[in-house]
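Visitor: Quick one: the structure is below, questions incoming.
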Amino acid sequence: MALVYGVEKKTVPTHMKFVMGGASGMLATCIVQPLDLLKTRMQISGTLGTREYKNSFEVLSKIWKNEGMLSLYNGLSAGLLRQASYTSAKMGVYQMELDWYRKNFGNYPSMVASMTMGIVAGAFGALCGNPAEVALIRMMSDNRLMPEDRRNYKHVGDAFVRIVKDEGVVALWRGCLPTVGRAMVVNMVQLASYSLMKDQLHGYPSEGIPLHLTAALVSGLLTSVTSMPLDMAKTRIQQMKVIDGKPEYSGTIDVLKKVVKNEGAFAVWKGFTPYLIRMGPHTIFSFVFLEQMNEVYGKHVLGDSLSDSVP
Numbered sequence: 015m016a017l018v019y020g021v022e023k024k025t026v027p028t029h030m031k032f033v034m035g036g037a038s039g040m041l042a043t044c045i046v047q048p049l050d051l052l053k054t055r056m057q058i059s060g061t062l063g064t065r066e067y068k069n070s071f072e073v074l075s076k077i078w079k080n081e082g083m084l085s086l087y088n089g090l091s092a093g094l095l096r097q098a099s100y101t102s103a104k105m106g107v108y109q110m111e112l113d114w115y116r117k118n119f120g121n122y123p124s125m126v127a128s129m130t131m132g133i134v135a136g137a138f139g140a141l142c143g144n145p146a147e148v149a150l151i152r153m154m155s156d157n158r159l160m161p162e163d164r165r166n167y168k169h170v171g172d173a174f175v176r177i178v179k180d181e182g183v184v185a186l187w188r189g190c191l192p193t194v195g196r197a198m199v200v201n202m203v204q205l206a207s208y209s210l211m212k213d214q215l216h217g218y219p220s221e222g223i224p225l226h227l228t229a230a231l232v233s234g235l236l237t238s239v240t241s242m243p244l245d246m247a248k249t250r251i252q253q254m255k256v257i258d259g260k261p262e263y264s265g266t267i268d269v270l271k272k273v274v275k276n277e278g279a280f281a282v283w284k285g286f287t288p289y290l291i292r293m294g295p296h297t298i299f300s301f302v303f304l305e306q307m308n309e310v311y312g313k314h315v316l317g318d319s320l321s322d323s324v325p
């Protein structure tokens, strides 16, 4: 049991917080996967020595012409596994942190507290989801390579087996530091801003989906702007090849320095349009699905209309 505005309410069990967190992310991924692929292709454009795409529309046009529209869902199995691991962990941990805060302080967390909890949840989720992230990036970028250079993973399970066999278990956590760094920034902004906007807009717009949509839209915009450079670095590190025992990049800073030097300062936001279009809807769908799952679970399982809401 917990207390909200002085009213005792039932709480969703911890295991269900993880289940609903992952399920909401997986449902959102099914909708935005093509945008994630466009974003990834834009980010690695230039790594072959030439600028492959001028904009997102050219990426879409070339995929349609050369690979077929179903290629927009390349890596979906890895994307779903990523959500099942990463989003389950981050949403579950964040909601547990919120429960702890409310129990000990009797009210909603401050902005600083929300940001701190978002950082912790993001780091934990990224550690759990990095293997699926590596497989996802490789599967989405494979078709742009020459036939002899393609990895041709059949599905995420095949990717895991071959990565471990050819490169070792540690390769599943390649790019882990930029992934964790990005996740900390993303969740610090995403979760904290969503919580703040819900609190500030309480009652305007009306409660329910309009409020959730508005808060999630603002959260998605702020998250996209702040996290894009780190996402760029993470993507390039995870799909890089090791040539003669030497990797292309030594770390996040090395990626950003080389991108700025060779491609220009604004290249760190390359693929921003599909990234924003992907991040915005994914944030919106994830939070709306999660809110609805909490509401349905509270009403039909707990029998309590005041049961848990997301932050």
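Heads up: take any position in the sequence shown, counting from 1, add 14, and you land on our numbering. Just so you know, even glycine gets a beta-carbon here, dropped at the ideal spot from N, CA and C. Being a predicted model, the structure only gives us computed values, none of them experimental.
1) Which residue from Lys68, Trp187, Val315 and Glu305 puts its Cα closest to that of alanine 229?
2) For the ligand NAP, I want to know if leucine 94 counts as a neighbour, meaning its beta carbon is within less than 7 Å of at least one of the ligand's heavy atoms.
3) Label glutamine 214 either buried or exposed according to how many other C-beta atoms from any shown protein chain fall within 10 Å of its C-beta, with 16 as the threshold for buried.
4) Quick one: which unbroken alpha helix (DSSP H) runs of 4-plus residues sit fully inside the region 61-135? Chain order, please.
5) Just mark glutamate 162 as buried or exposed, buried being the case when its beta carbon has 16 or more other beta carbons within 10 Å.
6) Report buried or exposed for histidine 29, applying the criterion of at least 16 other Cβ atoms within 10 angstroms of its Cβ.
7) Buried or exposed, going by whether 16 or more other CB atoms sit within 10 Å of the CB of methionine 198?
8) Report the three-state DSSP secondary structure of proline 27 (helix, strand or coil).
9) Please classify proline 145: is it buried, with 16 or more other beta-carbons within 10 angstroms of its beta-carbon, or exposed?
10) Of the residues Ser241, Lys212, Lys248 and Gly39, which one's Cα is nearest the Cα of leucine 231?
11) Quick one: using the 10 Å Cβ neighbour count with 16 as the cut-off for buried, is aspartate 50 buried or exposed?
12) Should serine 209 go down as buried or exposed, given a rule of 16 or more other Cβ atoms within 10 Å for buried?
13) Could you give the distance in angstroms between the alpha-carbon of tyrosine 122 and the alpha-carbon of glutamine 109?
14) Out of Tyr311, Val310, Phe303 and Thr287, state which residue places its alpha-carbon closest to the alpha-carbon of leucine 52.
Guide: Concretely, from the data shown:
1) Glu305
2) With respect to small molecules bound, the structure shown includes none, and the ligand NAP cannot be examined in it.
3) exposed
4) 70-80, 90-96 and 102-119
5) exposed
6) exposed
7) Methionine 198 counts as buried, since at least 16 other C-beta atoms from the protein chains shown sit within 10 angstroms of its C-beta.
8) Of the three classes helix, strand and coil, the one that applies to proline 27 here is coil, per DSSP.
9) It is buried - the Cβ of proline 145 has at least 16 other Cβ atoms within 10 Å.
10) Lys212
11) With 16 or more other Cβ atoms within 10 Å, it is buried.
12) Buried, because 16 or more other Cβ atoms sit within 10 Å of the Cβ of serine 209.
13) 12 Å
14) Thr287
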